[in-house]
Amino acid sequence: MSAFGAVLDRLPVALASACLMAIVARSNRLTLKDRDRALLDRAQALRWGSNGQHRAWAWGEGAAVLLLHGWGGGAAQMGPLAEAIADAGFKAIAVDLHGHGQSPGRRISFSRMVEDVRTATRQLAPQAAAWVGHSAGGMALMAARGDQDAPAYVTLNTPLWPYPPLRAIARRVAPSQAILDECARRFCRQFDSDAPAVQAGSLHQHRGQGRLLVVQDQADDQVDPADAQRISATWPDAQVVTTEALGHHKVLWDAAVHQAVVGFLRAQAAQSPVR
Numbered sequence: 000m001s002a003f004g005a006v007l008d009r010l011p012v013a014l015a016s017a018c019l020m021a022i023v024a025r026s027n028r029l030t031l032k033d034r035d036r037a038l039l040d041r042a043q044a045l046r047w048g049s050n051g052q053h054r055a056w057a058w059g060e061g062a063a064v065l066l067l068h069g070w071g072g073g074a075a076q077m078g079p080l081a082e083a084i085a086d087a088g089f090k091a092i093a094v095d096l097h098g099h100g101q102s103p104g105r106r107i108s109f110s111r112m113v114e115d116v117r118t119a120t121r122q123l124a125p126q127a128a129a130w131v132g133h134s135a136g137g138m139a140l141m142a143a144r145g146d147q148d149a150p151a152y153v154t155l156n157t158p159l160w161p162y163p164p165l166r167a168i169a170r171r172v173a174p175s176q177a178i179l180d181e182c183a184r185r186f187c188r189q190f191d192s193d194a195p196a197v198q199a200g201s202l203h204q205h206r207g208q209g210r211l212l213v214v215q216d217q218a219d220d221q222v223d224p225a226d227a228q229r230i231s232a233t234w235p236d237a238q239v240v241t242t243e244a245l246g247h248h249k250v251l252w253d254a255a256v257h258q259a260v261v262g263f264l265r266a267q268a269a270q271s272p273v274r
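For the sequence shown, numbering that gives the first Met the number 0 assigns the number 0 to the initial residue and increments by one for each residue that follows.
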């Protein structure tokens, strides 16, 4: 146990978990590399949000596909896949969610990510052909379904429930199990649900329409690869693509993954064309 973990264990569980949740919620923005800037330079810059202060980038023309990064990520991470989708005849729109990338905000949460998916869809892609999400972005898009459903969904290295930040807390701080359990309950409540339901896969449950492609790498060090089968089991005829040795982030740059996603989107567009 770390020294900080020992201090936390002397506090009431509710207070200790609240302290950890506040630390995890601090925005830690992705540092852009030259290749990331080049990707964004090739795109059309967009603005969204209540005051137009949030940022997004679009590549190509055609039916809109909304791309969502994960916790601590950014639109630039989705750029390589966005360009591949644009080359296939779609308009690929990657957003910087609140507290990420070039969008404002000092705090991040799953509940805000879900809200942002709905707002960005309404303002940038109201007739979206598909939603594509990496990691926590995949959970957010699944939770955001409702009045703004899309014909197709793609998740990449997405967990069944929000346990990755819990693993990070356990690894770095090593608080008591009671504190970790309370943090888990708080994370799950950010999806307007109780922990048992979320942990059982309620975020991903099929809701009557849409097709799903699940992409999962076997060397992912943040997401249990078995979650791909657990998620796909909640959908009729879900497709699963398994990759090897790419890890959690390189899956976004892989040409074979791009080909699989584009093929899925083309097939769904042919069956459910979006005007």
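Built from N, CA and C at the ideal position, the CB exists for glycine as well.
Spatial distance of residue i from residue j (CA atoms)
| i | j | result |
| --- | --- | --- |
| GLN122 | HIS53 | 11 Å |
| ARG229 | PHE190 | 19 Å |
| HIS247 | TYR152 | 19 Å |
| LEU155 | PRO195 | 23 Å |
| ALA119 | GLY48 | 7 Å |
| LEU251 | GLU243 | 13 Å |
| GLY137 | ALA199 | 16 Å |
| LEU38 | GLN267 | 26 Å |
| GLY132 | GLY145 | 16 Å |
| LEU80 | HIS257 | 6 Å |
| CYS18 | GLY104 | 19 Å |
| ALA127 | SER271 | 11 Å |
| GLY59 | ALA255 | 20 Å |
| ARG265 | ARG9 | 56 Å |
| GLY4 | ALA169 | 9 Å |
| ALA269 | ARG25 | 42 Å |
| ALA232 | LEU45 | 36 Å |
| CYS187 | ARG111 | 13 Å |
| GLN217 | PRO125 | 34 Å |
| ARG41 | ALA139 | 27 Å |
| ASP14 | GLU82 | A small fix is needed here, since residue 14 is Leu in this sequence, not Asp. LEU14 and GLU82: Cα-Cα distance of roughly 45 Å. |
| PRO224 | VAL213 | 11 Å |
| GLY88 | GLU181 | 46 Å |
Proximity to residue i [Cα-Cα], best of the options
| i | options | result |
| --- | --- | --- |
| MET77 | GLN208, LEU67, GLY71 and ASN156 | LEU67 |
| GLN43 | ARG144, ALA266 and ALA93 | ALA93 |
| SER192 | ALA143, SER231 and VAL239 | ALA143 |
| VAL240 | VAL222, PHE263 and ASP220 | PHE263 |
| LEU31 | GLN217, GLY72, GLN215 and ARG265 | GLY72 |
| GLN215 | ASP35, ASP180 and VAL260 | VAL260 |
| ASP148 | ILE22, VAL116 and GLN238 | VAL116 |
| ILE107 | ALA127, ALA21 and ALA169 | ALA21 |
| ILE84 | VAL213, ALA63, SER102 and ALA167 | ALA63 |
| VAL197 | ASP220, PRO161, GLY4 and ARG28 | PRO161 |
| LEU275 | CYS187, ARG171 and LEU165 | Because the chain is modelled from 0 through 274, residue 275 falls outside the range shown and cannot be assessed. |
| LYS249 | ASN27, VAL23, ASP220 and ALA169 | ASP220 |
| GLY207 | SER201, GLU181, ALA91 and TRP234 | TRP234 |
| ASP86 | ASP35, ARG36, ALA57 and ASN27 | ALA57 |
Distance between beta carbons of residue j and residue i, contact taken as under 8 Å
| i | j | result |
| --- | --- | --- |
| GLY69 | SER134 | 3 Å |
| PRO150 | GLY209 | 6 Å |
| PRO275 | ASP226 | Residue 275 falls outside the range modelled here, since the chain spans only 0 to 274, and no answer is possible. |
| LEU245 | ASP236 | In fact, because the Cβ distance is near 25 Å, the residues do not count as touching under 8 Å. |
| SER1 | ARG185 | So it is not a contact: roughly 20 Å between Cβ atoms. |
| ALA75 | GLY100 | 7 Å |
| LEU205 | MET141 | Looking at the sequence itself, residue 205 is His, so the reference to Leu does not match. In fact, because the Cβ distance is near 10 Å, the residues do not count as touching under 8 Å. |
| ALA177 | VAL12 | 5 Å |
| PRO163 | VAL222 | 7 Å |
| LEU211 | TRP130 | That pair is no contact at about 10 Å. |
heavy atom of the ligand ADP below 8 Å from residue i C-beta
| i | result |
| --- | --- |
| ASP115 | The ligand ADP is not among the ligands present in this structure, which contains no ligands whatsoever. |
One or two residues paired with residue i in a DSSP bridge
| i | result |
| --- | --- |
| ASP216 | THR242 |
| HIS248 | In DSSP, HIS248 forms no bridge with anything. |
| THR210 | It should be noted that the sequence gives Arg, not Thr, for residue 210. The partner list for ARG210 (beta bridge, DSSP) reads ALA151. |
| HIS133 | LEU155 |
List, from N- to C-terminal side, the alpha helix (DSSP H) runs of 4 residues or more that fit wholly inside the region 142 to 202. 163 to 171, 176 to 188 and 194 to 198
Give the list of continuous beta strand (DSSP E) stretches no shorter than 3 residues that lie fully inside the region 2 to 80. 43 to 47, 53 to 58 and 62 to 67
4 or more residues per run - each alpha helix (DSSP H) lying fully within the region 90 to 127: 109 to 123
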